[in-house]
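Residue numbers (our numbering): 18 to 94.
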């Protein structure tokens, strides 16, 4: 799942050659603003068929937290 999540992040944030790990933080490390984060959430929802309510967004701050969130919702890729 990590590789696909990483691909989505690279596509959505127009990143190339940036090292992304599970510890990578969206705001601090990738300089994603609120619009970037909104677009990322939309892409994750579309890719994995999971709705991410706005109240859950606070806990999604790193790449690893996205993966954990998806797994907690029953997504197994």
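We put the beta carbon where it would ideally sit given N, CA and C, even for glycine.
In this structure, what does DSSP give as the bridge partners for residue 41? Residue mapping note: residue 41 aligns to position 24 of the chain shown, counting from 1. According to DSSP, which records beta bridges pairwise, residue 41 is partnered with nothing at all.
Whose C-alpha, out of 38, 66 and 46, is nearest the C-alpha of residue 20? The residue you call residue 20 lines up with position 3 of the chain shown. The option with the nearest alpha carbon to residue 20 is 38.
Closer than 6 Å by C-beta to residue 60: which residues in its own chain qualify, once you throw out the five before and the five after it? Chain order, please. Taking the chain shown and counting its residues from 1, one reaches residue 60 at position 43. Here residue 60 has 25 and 29 as same chain residues with Cβ atoms under 6 Å from its own Cβ, once five neighbours each way along the sequence are excluded.
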